[in-house]
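Novice: Chains as they are written, first to last, in the working numbering: chain A, 1 to 484; chain B, 485 to 791.
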Amino acid sequence: MQTDKIRPVLLDLTGVDKSFGQVHALSGVSLSLHQGLCTGLVGHNGAGKSTLINVIAGFLPPSAGDVAFDGVGTLNLLSIDQRSALGIRCVLQELSLCPNLTVAENTQLLHRHLRGRGWRRKAADLIIAKLDDIFPGHGIAPHTELRRLPLGARQMVEIARAFTQTTTEVRLVILDEPTSSLDTQSSAQLLRYVRTFVEGGKNCLFVSHKMDEITSVTDEVVVLKDGRVVHQIETKDTSRAEIVSKMGSIDTDLRGASQKKTFGGKDSDGIALGLPAGPDIPPLSLRPGEVIGLAGLAGDGQTEALKSVLARYKRKCTFVAGDRATDGVFPLWSIKHNTSIGALHSLLSNGIIRSQSEAKLANDWKDKIGIRASGIDADLTSLSGGNQQKVLFARALASASDIVLMDDPTRGVDVGTKREIYQIIEAEAQTGRSFLWYSTEFDELTYCDRVLVFCQGKVAVVLEGAEINEQNVIAFSFGQKVSA
Amino acid sequence: MITLLQYRVLLPLVTLIALTGTIFILQPRTMSYFGLSLLFSFILPIALATVAQMFVIAVNEIDLSIGAYVSFATVTVVTYLDTDPAIAVGLLLGAIALHTAVGALIQLFQMPSIVITLGMSFFWGGCALMVRPLPGGHAPDWLTAIVKVKTPFVPFPILACVVLALLLHLLLMRSAVGTIFRGTGGNERAIRNAGLSVTGIKSAMFFLSGLFGVLSGVVLAGLIVSADADIASNYTLLSIAAVILGGGLFVGGIVSPTGAVIGAATLTLAASFLSFINVPADWQTGAQGAILIIALALRGITERYEH
């Protein structure tokens, strides 16, 4: 740390809070970035990494706290433009490029003083020079529309664009999972460039799930957990294993372990899941009454796994969406209609829905699940988010399906409602229903009989009983090999 | 970029040439200054309305009010411009301001433009009826003289369309500000992340749309001299069809000003073409629709090859 003391501070966060409704994405983050360093930012899903970089870049205002920058003081009131003028640049995971514009035109969006005669050529020269600098041999033509480039090339353009410099000096570049679409060679080129950039006295904030990259490119590592900085250390003083262990708490109080029922079902009674799995994994099946959790980093194949099971056992499955607005509710329908839609064939009499049976079904489930509403004829949108989610559960459970697929069903739901949902799941499992449950929250996995941890699109390990703990889940989702 | 640009404009251009060629064969007398003037006499107001629509489609919105809006502008001109020019100019400027405000509100409150502009179409239709409850009026003679001017060699409507296409190409496809406009249709978040105001951009596009809608109404008034409140109601669908025919897409900020003007010309000619091949008047609207579907199907096929 001796060198850090001498280096002046470039960016200083003090007590930064950010909450979305009831969810605290960041709570009291204080962090100093010293000039000329590459800082690695790591953390598990939902640790607050994306929120933090969005706050620094100015895309999101903090709920409380202060972000100060060398020479200007607080940034809180500055627009994105003004931050860009200070030399803060950001490469986000979901690309900030316009697919219908050319590479040069997209560069102009960031350098809007390039206008008048010949601006296209200037913008083209600027971006190509930087691409040559970072990714020699990239083969990208400046007047190609972005949508005609492969994903990797688009990411290269976005990265190079962030480093381009015209009137103001680039001082801090935030890279969020910059190598997610790059091949090995381009990734290596980027890491090399980041080192030269940083050694020129500039700063990088490097967010990555890939521990090799973190250990090779960063000078220091900051670990986020539950919206707080839990660890900050020089990279040379730490190890991959230590970083990974800091991301999860070493929590011995496993609620799930004590209350878990011994599961009696046999594999032969179950249905084959047919999921892509690593070499050491036996064929996976879901037994009657079993709750299987799907874990791992977001977007590592869990949703695809649910979809493949749904495609395989269409009629036997029902689906509970986590992304209510797009995958789940019929916002203009009543609670009753939202509940009964999955069970209509059991309500038919000569092809006509019996409205009394429909009302009874909806009322029964409303009471059983505890949906807090004035009545079953109330509009769905009159309910709180958590109660809307309960209606989705009611719909799934009211259907005759044996298998319930859940895509992170408690996303954005408050703690109390979550507990109630867990109880419903346990009660329904007792009656022989099986659940396949993708969750991004570790606590929920303790309600599962078995947990499949995904890594890079495949099941990396099957955890059972006491093996289901946060450390294991994190370690395997970061690609740790199964050790004896 | 060059190849792509040519590509987008190529198909509408081929359609237009094929249609013109067929008409020349069917009616050789159209192959003259006078014949072309007649064939293309109404192209300019349709092209201007198409351009108005294109600005809105470029930012992923749609304007279902453009037909009623142009009608309002036309009846305002034939009713007031000769006698009370101040009222006429005031009404037209007010219309542009209101249209701009609609664009801002659509973005600010995240409202679907398809519904809002449909509602506005009834508003403009009502305004047009208030200005001119019965057909009639008289456009100023100077206006008629301008839009019917005889230019040497090439008839004025064709000349005006070429100039219009070139100017818009420079504005939307070549200038730095046009890049930002189209980028908004491509990825709003990217524009916001670059520190730009999407509301401001959409308002600007609705302003341009309102401006060109008024121009369309003014030119139409000059051509027909007197009008009724429903005069341009078919412009809504014509303009959307022309933008799409000209290589534009409803989403993604993919538009082509040159293509849109050519699309407008194609649709103008389609009506004449159907008369020349003796399609009964009852069937013409349907046949126009069929031409449109065939042209769009062709585009679907060529675009599949592209991938």
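Here a beta-carbon is modelled for each residue, glycine too, at the ideal position from N, C-alpha and C.
1. Using only alpha-carbon positions, find the residue among A/126, A/225 and A/232 that is nearest to residue 33 of chain A.
2. Quick check: the Cα distance between residue 733 of chain B and residue 739 of chain B, rounded to an integer number of angstroms?
3. Alpha carbon to alpha carbon, how far is residue 40 of chain A from residue 50 of chain A? Give it in angstroms, no decimals.
4. List the whole-angstrom C-beta distance separating residue 641 of chain B from residue 524 of chain B, where the pair is believed to meet the contact cut-off of C-beta under 8 Å.
5. Check the C-beta distance from residue 611 of chain B over to residue 691 of chain B and give it rounded, since I have them as a contact under 8 Å.
6. Spell out whether any CB of chain A is found under 8 Å from the CB atom of residue 771 of chain B.
7. Should residue 767 of chain B go down as buried or exposed, given a rule of 16 or more other Cβ atoms within 10 Å for buried?
8. Is residue 597 of chain B helix, strand or coil when you go by DSSP?
9. Does the beta-carbon of residue 633 of chain B have 16 or more other beta-carbons within 10 angstroms, so that it is buried, or is it exposed?
10. Under 6 Å Cβ to Cβ from residue 620 of chain B, same chain only, skipping five residues before and after it: list those, please.
11. Which word fits residue 113 of chain A, buried or exposed, when buried means at least 16 other C-beta atoms lie within 10 angstroms of its C-beta?
12. In whole angstroms, what separates the C-alpha of residue 205 of chain A from that of residue 175 of chain A?
13. Short of 9 Å Cβ to Cβ, which residues in the region 677-709 of chain B face chain A?
14. Show which residues of chain A have a CB atom less than 7 Å away from the CB atom of residue 671 of chain B.
15. So which residues on chain B does residue 80 of chain A lean against when the C-beta distance must stay under 9 Å?
16. Classify residue 431 of chain A as buried or exposed, calling it buried when 16 or more other Cβ atoms lie within 10 Å of its own Cβ.
17. Taking any Cβ of chain B, which residues in the region 103-114 of chain A have a Cβ under 8 Å from it, in chain order?
18. Provide the residue span of the beta strand (DSSP E) that contains residue 839 of chain B, from first to last.
19. Decide yes or no for the touch test of the region 432-439 of chain A against the region 278-294 of chain A: beta carbon pairs closer than 8 Å, at least 3 of them.
20. For residue 90 of chain A, which of helix, strand or coil comes out of DSSP?
21. Is residue 36 of chain A near residue 198 of chain A, with beta carbons less than 8 Å apart?
22. I'd like the span of the beta strand (DSSP E) that includes residue 338 of chain A, first residue to last.
23. Taking the beta strand (DSSP E) that residue 463 of chain A falls in, what are its first and last residues?
24. Taking 8 Å as the threshold (C-beta atoms), are residue 500 of chain B and residue 786 of chain B in contact?
25. My assumption, with CB atoms under 8 Å, is that residue 183 of chain A sits in contact with residue 152 of chain A. Please give the rounded CB distance.
26. Where do the N-terminal and C-terminal ends of the alpha helix (DSSP H) with residue 43 of chain A fall, by residue?
27. How far does the beta strand (DSSP E) with residue 203 of chain A in it extend, from its first residue to its last?
28. Should residue 328 of chain A go down as buried or exposed, given a rule of 16 or more other Cβ atoms within 10 Å for buried?
29. Check distances from the C-beta atoms of the region 404-437 of chain A to those of chain B and list, in chain order, the residues that come in under 7 Å.
30. Just by C-beta distance, which residues in the region 53-77 of chain A are closer than 7 Å to chain B?
31. For residue 569 of chain A, count the other beta carbons within 10 Å of its own beta carbon; 16 or more makes it buried, fewer makes it exposed. Which is it?
32. Hey, out of A/389, A/426 and A/360, whose CA is closest to residue 375 of chain A's CA?
33. Whole angstroms are fine: how far does the CA of residue 650 of chain B sit from the CA of residue 404 of chain A?
34. Could you name the residues that DSSP lists as bridge partners for residue 14 of chain A?
35. Quick check on residue 742 of chain B - is its C-beta less than 8 Å from some C-beta in chain A?
36. Mind checking residue 235 of chain A: buried by the 16 CB within 10 Å criterion, or exposed?
Specialist: Here's the rundown:
1. Taking each of A/126, A/225 and A/232 in turn and checking the Cα distance to residue 33 of chain A, the smallest one comes out for A/232.
2. Computed Cα separation, rounded: 6 Å.
3. Between residue 50 of chain A and residue 40 of chain A, the C-alpha separation is close to 13 Å.
4. For residue 641 of chain B against residue 524 of chain B, the beta-carbon gap comes to about 5 Å, under 8 Å, which counts as contact.
5. Taking a contact as a CB-CB distance under 8 Å, the pair residue 611 of chain B and residue 691 of chain B does not count as one, their CB atoms being some 19 Å apart.
6. Not one chain A Cβ lies under 8 Å of residue 771 of chain B.
7. Of the other Cβ atoms in all chains shown, fewer than 16 fall within 10 Å of the Cβ of residue 767 of chain B; this residue is therefore exposed.
8. Reduced to three states, the DSSP call for residue 597 of chain B is helix.
9. By the 10 Å Cβ count, residue 633 of chain B comes out exposed.
10. Once the five neighbours on either side are set aside, the close Cβ partners of residue 620 of chain B are 710.
11. Label assigned to residue 113 of chain A: exposed.
12. Between residue 205 of chain A and residue 175 of chain A, the C-alpha separation is close to 6 Å.
13. For the region 677-709 of chain B, which is checked against every Cβ of chain A, the residues closer than 9 Å are 677, 678, 679 and 680.
14. Result: 97, 98 and 99.
15. Within 9 Å Cβ-Cβ: 676, 677, 678, 679 and 680.
16. Exposure of residue 431 of chain A is indicated by the presence of fewer than 16 other C-beta atoms within 10 angstroms of its C-beta.
17. Taking 8 Å as the Cβ-Cβ cut-off against chain B, the residues of the region 103-114 of chain A that qualify are 105, 106, 108, 109, 110, 112 and 114.
18. Residue 839 of chain B lies beyond the residue range present for chain B, which begins at 485 and ends at 791; the question has no answer from this structure.
19. Per the Cβ contact rule, the region 432-439 of chain A is in contact with the region 278-294 of chain A (3 or more Cβ pairs under 8 Å).
20. Here residue 90 of chain A sits in strand by DSSP.
21. Taking 8 Å as the Cβ cut-off, residue 36 of chain A and residue 198 of chain A qualify as a contacting pair.
22. Counting along the chain, no beta strand (DSSP E) covers residue 338 of chain A; the unbroken alpha helix (DSSP H) around it starts and ends at 335-340.
23. That run of the beta strand (DSSP E) goes 458-464.
24. Note that the C-beta distance between residue 786 of chain B and residue 500 of chain B is not below 8 Å.
25. Between residue 183 of chain A and residue 152 of chain A a beta carbon distance of about 6 Å is seen, short of the 8 Å cut, so the two are scored as contacting.
26. Element bounds for residue 43 of chain A: n/a, residue is neither H nor E.
27. That run of the beta strand (DSSP E) goes 203-207.
28. With 16 or more other Cβ atoms within 10 Å, it is buried.
29. Listed by position, the residues of the region 404-437 of chain A near chain B (Cβ gap below 7 Å) amount to none.
30. Cβ contacts with chain B: 59.
31. A question about residue 569 of chain A goes unanswered here, because the residues of chain A that appear run from 1 up to 484.
32. Comparing Cα-Cα distances from residue 375 of chain A to each of A/389, A/426 and A/360, the minimum goes to A/360.
33. Their Cα atoms are separated by approximately 59 Å.
34. Residue 14 of chain A is bridged to A/66.
35. It does not; no Cβ of chain A falls within 8 Å.
36. Burial call: buried.
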